[in-house]
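With our numbering, the residue at position 20 of the sequence shown is 20, and numbering never jumps.
First up is the structure itself, then whatever we jot down about it.
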Amino acid sequence: MPFLADMKVLYHMLLKPVRGDDHAQRMESFYGGQAGAYDDFRRRLLKGRESLYQQLPKPEGAVWVDMGGGTGSNIENLADSIDRLKKVYVVDLSESLLNVASKRFEEKGWSNAKAVVADATTFTPEAGLADVVTFSYSLTMIPDWFAAIENAKRILKPGGHIGVVDFYVGRKYPQEEMKKHGWLSRTLWQPWFATDNVFPSKDHIPFLRHHFSQTHLDEQRNRMPYVPLLKTPYYQFIGQKKEA
Ligand SMILES: C[S@@+](CC[C@H](N)C(=O)[O-])C[C@H]1O[C@@H](n2cnc3c(N)ncnc32)[C@H](O)[C@@H]1O
1 MPFLADMKVL YHMLLKPVRG DDHAQRMESF YGGQAGAYDD FRRRLLKGRE SLYQQLPKPE
61 GAVWVDMGGG TGSNIENLAD SIDRLKKVYV VDLSESLLNV ASKRFEEKGW SNAKAVVADA
121 TTFTPEAGLA DVVTFSYSLT MIPDWFAAIE NAKRILKPGG HIGVVDFYVG RKYPQEEMKK
181 HGWLSRTLWQ PWFATDNVFP SKDHIPFLRH HFSQTHLDEQ RNRMPYVPLL KTPYYQFIGQ
241 KKEA
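Next up, the structure:
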């Protein structure tokens, strides 16, 4: 029953206390009970994922790292290109979500895709340097998000691409070519999401722009399930690691 599945997810998002002595334990505590119902609810909540993954280049023999990749559902957006890739890693700290990912890869026969329990701030692919690194709604849940971006830059080949889609808040004085948000929007979303350990930032996009050559930036808003009046800001960023 979709409604009951939604209520279960909302219970975990709004009411169930998140426990754990470290970040990995807290992620598993938050996601453990909702892993089975995760994909359906997040399809409505987390917008911009499909088109980000579709837009990114998929060179023959490429290594793709999806940081904080959870259930691996975004890998479905690579569609027919998956067989051309050498290796796809879905990296996450929540074993419950990664179990869903492993099952998906087995069912699809994607033997080149692997679910890995690891931290996005330190993960290094054993197959070699990455051609593409993606973060889909994971940077806002990584406390040291700046270290995760720096790690992505470290493991990317020169000319490789980073793709990010996530919630954010606008700066009071936004950078050139960026949208200006009103006071309510700049103020509301950080306390709203903090109960779920999601921290929309005003600094992700400027930091990404500082480290990579921007090839795509799109700032949008999306309605949330069961919250008809409010629209959450989210962005897509694609950047390229500068050639050495
Ligand atoms: C909102 S979920 C997004 C999952 C997936 N990328 C998607 O689009 O559905 C955020 C994910 O980031 C993971 N995460 C948080 N901190 C992490 C870290 N330091 N290293 C790896 N994964 C992390 C969480 O466990 C969770 O699966």
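Virtual Cβ for every residue (Gly too), placed ideally from N, Cα, C.
| request: Grab me the residues of residue 216's own chain with a C-beta within less than 6 Å of its C-beta, minus the 5 sequence neighbours each way, in chain order. | output: Your numbering for residue 216 matches position 216 in the sequence shown. For residue 216, where only same-chain residues beyond five positions count, the Cβ hits under 6 Å are 238.
| query | Pick from 213, 233 and 227: whose alpha carbon is nearest that of residue 219? | reply | Taking the sequence shown and counting its residues from 1, the one referred to as residue 219 is at position 219. Selected option, being the one with the closest Cα: 233.
| Reference residue 26, options 52, 75, 191 and 12, closest by Cα | Along the sequence shown, one-based indexing puts residue 26 at 26. Closest by alpha carbon: 12.
| field | For residue 182 and residue 310, the rounded distance between their alpha carbons | value | Summary: the structure shown does not reach residue 310, with the chain confined to residues 1 through 244, and so no result is reported for it.
| said: Would residue 157 and residue 129 be called neighbours here (beta carbons separated by less than 9 Å)? | reply: What you label residue 157 is simply residue 157 of the sequence shown in a count that begins at 1. What you label residue 129 is simply residue 129 of the sequence shown in a count that begins at 1. Yes, they are a contact pair.
| query | Under 8 Å from any heavy atom of ligand 1, does the C-beta of residue 164 make it? | reply | Mapped onto the sequence shown, residue 164 falls at position 164. False, no ligand heavy atom lies under 8 Å from that Cβ.
| Cut-off 8 Å between Cβ atoms - residues of its own chain near residue 205, not counting five sequence neighbours on either side | Within the sequence shown, numbered from 1, the residue matching residue 205 stands at position 205. Only 168, 175, 178, 217, 235 and 237 meet the Cβ criterion.
| query | Among 207, 197, 225 and 224, which one has its Cα closest to the Cα of residue 16? | reply | For the purposes of this step, residue 16 is taken as residue 16 along the sequence shown, with counting starting at 1. Closest by C-alpha distance to residue 16, out of 207, 197, 225 and 224, is 197.
| message | Less than 9 Å between the C-beta atoms of residue 32 and residue 96, yes or no? | response | Your numbering for residue 32 matches position 32 in the sequence shown. Your numbering for residue 96 matches position 96 in the sequence shown. Against a cut-off of 9 Å, the Cβ pair of residue 96 and residue 32 comes out as a contact.
| message | If I measure Cβ to Cβ from residue 84 and keep anything under 6 Å in the same chain, skipping five residues before and after, which residues do I get? | response | Numbered from its first residue, the sequence shown carries residue 84 at position 84. Excluding residues within five positions, the ones whose Cβ falls inside 6 Å are 60.
| query | Straight-line CA distance for residue 224 to residue 45? | reply | One-based indexing of the sequence shown puts residue 224 at position 224. One-based indexing of the sequence shown puts residue 45 at position 45. Computed Cα separation, rounded: 5 Å.
| request: Check whether the Cβ of residue 244 sits closer than 8 Å to any heavy atom of ligand 1, and report yes or no. | output: Here the question's residue 244 lines up with position 244 in the sequence shown. Checking the Cβ of residue 244 against ligand 1 gives no.
| task | Determine the burial state of residue 166: buried for a count of at least 16 other Cβ atoms within 10 Å of its Cβ, exposed for fewer. | result | For the purposes of this step, residue 166 is identified with residue 166 of the sequence shown, where counting begins at 1. Buried is the call here.
| request: Can you tell me the Cβ-Cβ gap for residue 66 and residue 134, rounded? I've got them flagged as a contact below 8 Å. | output: In the sequence shown, residue 66 corresponds to position 66, counting from 1. In the sequence shown, residue 134 corresponds to position 134, counting from 1. That pair is a contact at about 5 Å.
| query | Under the criterion of a Cβ to heavy atom distance below 8 Å, does residue 97 qualify as lining ligand 1? | reply | Position 97 of the sequence shown, counting from 1, holds the residue named residue 97. Within the cutoff, so yes.
| field | Contact set for residue 213: own chain, Cβ-Cβ below 7 Å, skip 5 residues either direction | value | Mapped onto the sequence shown, residue 213 falls at position 213. If you ignore the 5 residues before and after residue 213, its C-beta comes within less than 7 Å of the C-beta of 239, 240 and 242, all in its own chain and listed in chain order.
| said: For ligand 1, I want to know if residue 74 counts as a neighbour, meaning its beta carbon is within less than 8 Å of at least one of the ligand's heavy atoms. | reply: Here the question's residue 74 lines up with position 74 in the sequence shown. Checking the Cβ of residue 74 against ligand 1 gives yes.
| Element boundaries [beta strand (DSSP E), containing residue 134] | Indexing the sequence shown from 1 puts residue 134 at position 134. Note, residue 134: beta strand (DSSP E), 130-136.
| request: Check the C-beta distance from residue 3 over to residue 18 and give it rounded, since I have them as a contact under 8 Å. | output: As a first step, residue 3 must be located in the sequence shown, where it is residue number 3. As a first step, residue 18 must be located in the sequence shown, where it is residue number 18. Wrong, their Cβ atoms sit about 24 Å apart, outside the cutoff.
| task | Compute the distance between the beta-carbons of residue 93 and residue 194, then report whether it is under 9 Å. | result | Your numbering for residue 93 matches position 93 in the sequence shown. Your numbering for residue 194 matches position 194 in the sequence shown. No; because the gap between Cβ atoms is not below 9 Å, this pair is not in contact.
| request: Mind reading off the beta-carbon distance from residue 120 to residue 138? Whole number of angstroms is fine, and I expect it under 8 Å. | output: By one-based count along the sequence shown, residue 120 stands at place 120. By one-based count along the sequence shown, residue 138 stands at place 138. That pair is a contact at about 7 Å.
| field | In DSSP terms, what residue 64 is bridged to | value | The count along the sequence shown starts at 1 and reaches residue 64 at position 64. For residue 64, which the question treats as bridged, DSSP gives the partners 88 and 132.
| query | Closer than 9 Å, CB to CB, is residue 160 near chain D or not? | reply | The structure shown has no chain D; it contains just one protein chain.
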